[in-house]
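Enquirer: Have a look at this one.
There are 2 protein chains.
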Amino acid sequence: MVMENQAERHNRVMARRKRWMDEQIARAQADKGVLLVLTGDGKGKSSSAFGMAARALGHGMRVAILQFIKAPLDTGEERFFSQFGNVAFHALGEGFTWETQNFERDRAIAEAGWALARDYLRDPATDMVILDELCVALAYHYLDWNSLRGDVLARPDHQHAIITGRGAPQGLIDDADTVTEMRALKHAFDAGIRAQKGIEL
Amino acid sequence: MVMENQAERHNRVMARRKRWMDEQIARAQADKGVLLVLTGDGKGKSSSAFGMAARALGHGMRVAILQFIKAPLDTGEERFFSQFGNVAFHALGEGFTWETQNFERDRAIAEAGWALARDYLRDPATDMVILDELCVALAYHYLDWNSLRGDVLARPDHQHAIITGRGAPQGLIDDADTVTEMRALKHAFDAGIRAQKGIEL
Numbered sequence: 001m002v003m004e005n006q007a008e009r010h011n012r013v014m015a016r017r018k019r020w021m022d023e024q025i026a027r028a029q030a031d032k033g034v035l036l037v038l039t040g041d042g043k044g045k046s047s048s049a050f051g052m053a054a055r056a057l058g059h060g061m062r063v064a065i066l067q068f069i070k071a072p073l074d075t076g077e078e079r080f081f082s083q084f085g086n087v088a089f090h091a092l093g094e095g096f097t098w099e100t101q102n103f104e105r106d107r108a109i110a111e112a113g114w115a116l117a118r119d120y121l122r123d124p125a126t127d128m129v130i131l132d133e134l135c136v137a138l139a140y141h142y143l144d145w146n147s148l149r150g151d152v153l154a155r156p157d158h159q160h161a162i163i164t165g166r167g168a169p170q171g172l173i174d175d176a177d178t179v180t181e182m183r184a185l186k187h188a189f190d191a192g193i194r195a196q197k198g199i200e201l
Numbered sequence: 001m002v003m004e005n006q007a008e009r010h011n012r013v014m015a016r017r018k019r020w021m022d023e024q025i026a027r028a029q030a031d032k033g034v035l036l037v038l039t040g041d042g043k044g045k046s047s048s049a050f051g052m053a054a055r056a057l058g059h060g061m062r063v064a065i066l067q068f069i070k071a072p073l074d075t076g077e078e079r080f081f082s083q084f085g086n087v088a089f090h091a092l093g094e095g096f097t098w099e100t101q102n103f104e105r106d107r108a109i110a111e112a113g114w115a116l117a118r119d120y121l122r123d124p125a126t127d128m129v130i131l132d133e134l135c136v137a138l139a140y141h142y143l144d145w146n147s148l149r150g151d152v153l154a155r156p157d158h159q160h161a162i163i164t165g166r167g168a169p170q171g172l173i174d175d176a177d178t179v180t181e182m183r184a185l186k187h188a189f190d191a192g193i194r195a196q197k198g199i200e201l
């Protein structure tokens with residue numbers, strides 16, 4: 001019977017997948033914070049980091065969020081995350097980039113922002129540090145990864161660091177534990193739908 | 001001077017980018033809910049959807065989250081989002097896939113889950129519906145996009161629908177407004193770091 005065959009094949013595939021997953025989990029040894037990079041030109045990089053913050057809060061962890069570039073529209077995340085005692089939220093990039101058009105001023109803002117980031121990266125009470133849109137600050141040469149990486153790699157063992165933004169430099173990719181590239185296969189902006197509150201198009 | 005040239009070039013590029021962004025925003029006319037798909041084999045798909053939920057909550061919106069496949073580890077998002085009155089959270093995929101290895105039972109669970117999803121997709125008071133890991137339920141043939149798409153496309157005009165999971169079928173991609181593919185460039189799992197609470201490796 002066709003249906004039985006489909007069910008049997010499905011069960012065999014699932015059993016194999018379960019074995020593989022169990023093996024991966026058993027083999028993995030290290031229990032330490034990871035350096036995660038979310039890059040690429042597709043949407044969802046910052047959202048993904050904020051979703052990870054939500055998960056971390058669900059586990060009672062303490063989270064620091066530093067936004068290096070302000071979004072062109074109010075996106076609600078500051079309002080949302082600021083209500084939690086376990087979250088430190090810093091919108092560093094107020095008036096950045098195309099709204100200001102002043103390179104030296106932008107660079108000074110970014111450097112002051114990094115001094116703040118460094119404090120969290122040295123704080124064992126902070127379980128997760130989100131450096132949102134840091135890659136953009138790197139791409140615009142406001143900051144240089146070679147100058148920052150020591151602070152990131154020296155963070156407390158258990159602390160997760162999440163860095164987002166398009167154009168992650170190769171040095172950062174080399175240093176990261178996990179790198180996801182978001183690719184835009186299709187974009188509503190092109191189709192003439194206005195950027196919406198509550199959703200990152 | 002080299003520094004001036006760099007600053008001038010930067011300002012010119014930023015001015016051009018600002019013009020482009022302003023034009024895009026001005027040109028975009030429609031103000032409606034979008035169908036957003038987050039797919040691919042990289043990490044961050046569900047996290048991204050949860051981050052969008054956080055943003056939406058920051059705007060006072062009402063969100064329904066339906067998880068079609070339960071994550072192999074407790075990831076904290078249910079615990080986190082269940083505390084908000086504006087969120088309806090349903091973990092539909094309890095014991096799904098490789099933990100159960102029973103195709104017909106899984107399919108019945110998925111179909112019951114879709115009946116619930118349909119209720120939210122018809123509810124004008126729900127501003128955002130997250131169908132987490134639905135693509136996986138489609139890929140395993142628990143559900144068929146051709147049977148579901150009418151419910152999704154007929155939802156209230158302002159309602160956002162976000163569908164996640166690897167292996168989005170072409171029909172879904174064709175119907176979507178925005179599609180992001182998450183590609184794994186590097187994965188800590190390969191490097192022997194144990195899957196962690198509070199972070200999606």
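Going down the list, the sequences are from chains A and B.
Here the first sequence is numbered in our numbering, starting from 1 and rising by one per residue.
Here the second sequence is numbered in our numbering, starting from 1 and rising by one per residue.
Each residue gets a CB set at the ideal place from its N, CA and C atoms; glycine is no exception.
Let me know the alpha helix (DSSP H) ranges lying completely inside the segment 83-150 of chain B, each 4 residues or longer, listed in chain order.
Expert: If we require 4 residues or more, the alpha helix (DSSP H) runs fully inside the segment 83-150 of chain B come out as 103-121 and 134-139.
Enquirer: At the level of alpha carbons, what is the spacing between isoleucine 130 of chain A and alanine 64 of chain A?
Expert: By one-based count along the first sequence, residue 130 of chain A stands at place 130. By one-based count along the first sequence, residue 64 of chain A stands at place 64. If you take the alpha carbons of isoleucine 130 of chain A and alanine 64 of chain A, they lie about 6 Å apart.
Enquirer: Using a threshold of 8 Å, state whether the C-beta atoms of leucine 36 of chain B and aspartate 177 of chain B are closer than that.
Expert: As a position in the second sequence, residue 36 of chain B is number 36, starting the count at 1. As a position in the second sequence, residue 177 of chain B is number 177, starting the count at 1. Closer than 8 Å, so yes.
Enquirer: Verify whether the separation of the beta carbon atoms of leucine 66 of chain A and leucine 92 of chain A is less than 8 Å.
Expert: Walking along the first sequence from the start, residue 66 of chain A turns up at place 66. Walking along the first sequence from the start, residue 92 of chain A turns up at place 92. Their beta carbons are under 8 Å apart, which means leucine 66 of chain A touches leucine 92 of chain A by this criterion.
Enquirer: Tell me, to the nearest whole angstrom, how far the beta carbon of histidine 10 of chain A is from that of tyrosine 140 of chain B; I am working on the premise that it is less than 8 Å.
Expert: On the first sequence, residue 10 of chain A is found 10 positions in, with the first residue counted as 1. On the second sequence, residue 140 of chain B is found 140 positions in, with the first residue counted as 1. Right, the Cβ-Cβ distance comes to about 7 Å (below 8 Å), so this counts as a contact.
Enquirer: Closer than 9 Å, Cβ to Cβ, to anything on chain A: give me those residues from the segment 42-59 of chain B, in chain order.
Expert: Correct list: Gly42, Lys43, Gly44, Lys45, Ser46, Ser47, Ser48, Ala49, Phe50, Gly51, Met52, Ala53, Ala54, Arg55, Ala56, Leu57, Gly58 and His59.
Enquirer: Return no unless some Cβ of chain A is closer than 8 Å to the Cβ of histidine 90 of chain B.
Expert: What you label residue 90 of chain B is simply residue 90 of the second sequence in a count that begins at 1. By this cut-off, histidine 90 of chain B is not an interface position.
Enquirer: For chain B, check one thing: does any of its Cβ atoms lie closer than 8 Å to the Cβ of isoleucine 173 of chain A?
Expert: Mapped onto the first sequence, residue 173 of chain A falls at position 173. So, interface residue.
Enquirer: With distances taken between CB atoms, is the gap from lysine 43 of chain A to alanine 137 of chain A smaller than 8 Å?
Expert: Within the first sequence, residue 43 of chain A is the residue found at index 43, counting from 1. Within the first sequence, residue 137 of chain A is the residue found at index 137, counting from 1. No; because the gap between Cβ atoms is not below 8 Å, this pair is not in contact.
Enquirer: Contact criterion: CB-CB distance below 8 Å. Does asparagine 11 of chain B meet it with respect to chain A?
Expert: Indexing the second sequence from 1 puts residue 11 of chain B at position 11. Yes, contact with chain A.
Enquirer: In chain A, which residues lie with their C-beta within 7 Å of the C-beta of phenylalanine 68 of chain B?
Expert: Working through the second sequence from its first residue, we reach residue 68 of chain B at position 68. By Cβ distance, chain A contributes nothing, its closest Cβ being about 15 Å from phenylalanine 68 of chain B, past 7 Å.
Enquirer: Is it right to say glutamate 133 of chain A is buried, meaning 16 or more other beta carbons lie within 10 angstroms of its own, or is it exposed?
Expert: Looking up residue 133 of chain A in the first sequence gives position 133. Classification for glutamate 133 of chain A: buried.
Enquirer: Do the CB positions of glycine 40 of chain B and phenylalanine 68 of chain B come within less than 8 Å of each other?
Expert: Looking up residue 40 of chain B in the second sequence gives position 40. Looking up residue 68 of chain B in the second sequence gives position 68. The answer is no: Cβ separation not under 8 Å.
Enquirer: Starting from the Cα of threonine 164 of chain B, find the closest Cα among B/Gly150, B/Ala49 and B/Ala15 and give me that residue.
Expert: Counting from one through the second sequence, the residue named residue 164 of chain B turns up at place 164. When each option's Cα is compared against that of threonine 164 of chain B, the closest is B/Ala49.
Enquirer: So, does the CB of threonine 178 of chain B fall closer than 8 Å to a CB anywhere in chain A?
Expert: Against the second sequence, residue 178 of chain B aligns to sequence position 178. Threonine 178 of chain B counts as touching chain A.
Enquirer: I want to see whether chain B comes within less than 8 Å of tyrosine 140 of chain A, judged by CB atoms only; does it?
Expert: Residue mapping note: residue 140 of chain A aligns to position 140 of the first sequence, counting from 1. With 8 Å as the cut-off, tyrosine 140 of chain A counts as an interface residue toward chain B.
Enquirer: Would a C-beta distance cut-off of 8 Å place histidine 90 of chain A and leucine 121 of chain A closer than the cut-off?
Expert: Taking the first residue of the first sequence as 1, we reach residue 90 of chain A at position 90. Taking the first residue of the first sequence as 1, we reach residue 121 of chain A at position 121. It is not a contact, given that the beta carbons lie outside the stated cut-off.
Enquirer: Is the shortest distance between the beta-carbon of alanine 125 of chain A and the beta-carbons of chain B less than 8 Å?
Expert: One-based indexing of the first sequence puts residue 125 of chain A at position 125. So no, alanine 125 of chain A is outside the interface.
Enquirer: Could you please give the first and the last residue of the uninterrupted beta strand (DSSP E) stretch that includes isoleucine 173 of chain A?
Expert: Counted from its first residue, the first sequence places residue 173 of chain A at position 173. No beta strand (DSSP E) contains isoleucine 173 of chain A, which is instead part of the alpha helix (DSSP H) from 170-175.
Enquirer: What does tyrosine 6 of chain A touch in chain B if you count any residue whose Cβ is under 8 Å from its own?
Expert: Along the first sequence, one-based indexing puts residue 6 of chain A at 6. In the sequence as displayed, the identity of residue 6 of chain A is glutamine instead of tyrosine. Those within 8 Å of glutamine 6 of chain A in chain B are Phe103 and His141.
Enquirer: Could you give the DSSP three-state label for glutamine 29 of chain B: helix, strand or coil?
Expert: Taking the second sequence and counting its residues from 1, the one referred to as residue 29 of chain B is at position 29. Note that glutamine 29 of chain B scores 40 on pLDDT, short of 50, meaning its location in the model is unreliable; the coordinates nonetheless yield the value given after this. Coil, per DSSP.
Enquirer: Assuming contact is defined by CB atoms lying nearer than 8 Å, are alanine 7 of chain B and glutamate 104 of chain A in contact in what I supplied?
Expert: Within the second sequence, the letter at position 7 stands for residue 7 of chain B. Within the first sequence, the letter at position 104 stands for residue 104 of chain A. Yes, these two residues count as a Cβ contact at 8 Å.
Enquirer: Say whether chain B places a C-beta atom closer than 8 Å to the C-beta of glutamate 77 of chain A.
Expert: Within the first sequence, residue 77 of chain A is the residue found at index 77, counting from 1. It does: the Cβ of glutamate 77 of chain A has a partner Cβ on chain B nearer than 8 Å.
Enquirer: For alanine 88 of chain A, which residues of its own chain have a beta-carbon under 6 Å away from its beta-carbon, when the five flanking residues on both sides are left out?
Expert: In the first sequence, counting from the first residue as 1, residue 88 of chain A sits at position 88. Within the same chain, alanine 88 of chain A has close Cβ partners Ala64.
Enquirer: Buried or exposed: serine 46 of chain B, going by 16 or more other Cβ atoms within 10 Å of its Cβ?
Expert: Along the second sequence, one-based indexing puts residue 46 of chain B at 46. So serine 46 of chain B counts as buried.
Enquirer: Verify the CB distance criterion: does alanine 184 of chain A have a CB-CB separation below 8 Å to chain B?
Expert: The residue given as residue 184 of chain A occupies position 184 in the first sequence. Yes, alanine 184 of chain A counts as interfacial toward chain B.
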